[in-house]
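J.: Take this structure, written in structure tokens, and hold onto it; I'll ask about it next.
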Amino acid sequence: MCVKFVQNVVLYTKLLQVLKKRNINEEITWQANAVLTLQEATKVYLACLFEDTNLATLHARRTTIMPKDMQ
Numbered sequence: 001m002c003v004k005f006v007q008n009v010v011l012y013t014k015l016l017q018v019l020k021k022r023n024i025n026e027e028i029t030w031q032a033n034a035v036l037t038l039q040e041a042t043k044v045y046l047a048c049l050f051e052d053t054n055l056a057t058l059h060a061r062r063t064t065i066m067p068k069d070m071q
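Residue 1 is where the sequence shown starts when you use the UniProt record's numbering, and the numbers rise one by one after that.
Written out as structure tokens, the structure reads:
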């Protein structure tokens with residue numbers, strides 16, 4: 001496995017732990033496949049979000065995205 005990929009998985013797992021502590025009081029463990037699936041779903045969601053944001057920016061005849069484009 002690539003070292004950069006492993007680092008990304010470790011960082012994403014830490015992010016999941018922080019979100020879990022904020023929102024869920026119970027102890028939950030993550031299977032490796034679950035973490036990878038959530039990471040992939042997050043990447044796809046963000047890619048679609050930024051594609052839509054870019055389209056909104058172009059529709060407004062601007063070149064810089066703004067927070068209102070993401071709403």
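Even for Gly, the Cβ is constructed at its ideal location relative to N, Cα and C.
Predicted model, so just to flag it, every value in this text is computed and none were measured.
Check whether the Cβ atoms of residue 35 and residue 16 sit closer than 9 Å, and answer yes or no.
T.: yes
J.: Out of 39, 27 and 49, state which residue places its alpha-carbon closest to the alpha-carbon of residue 11.
T.: 39
J.: Is the beta carbon of residue 50 sitting closer than 9 Å to the one on residue 28?
T.: no
J.: With DSSP collapsed to three states, give me the class of residue 8.
T.: helix
J.: Could you check whether residue 53 and residue 70 sit closer than 9 Å to each other, using their CB atoms as the reference points?
T.: Yes, Cβ-Cβ distance for residue 70 and residue 53 is below 9 Å.
J.: Just verifying my parser: in three-state terms, what is the DSSP assignment at residue 66?
T.: coil
J.: Just to confirm, is the Cβ distance from residue 13 to residue 30 under 9 Å?
T.: Remark: C-beta atoms of residue 13 and residue 30 approach each other more closely than 9 Å.
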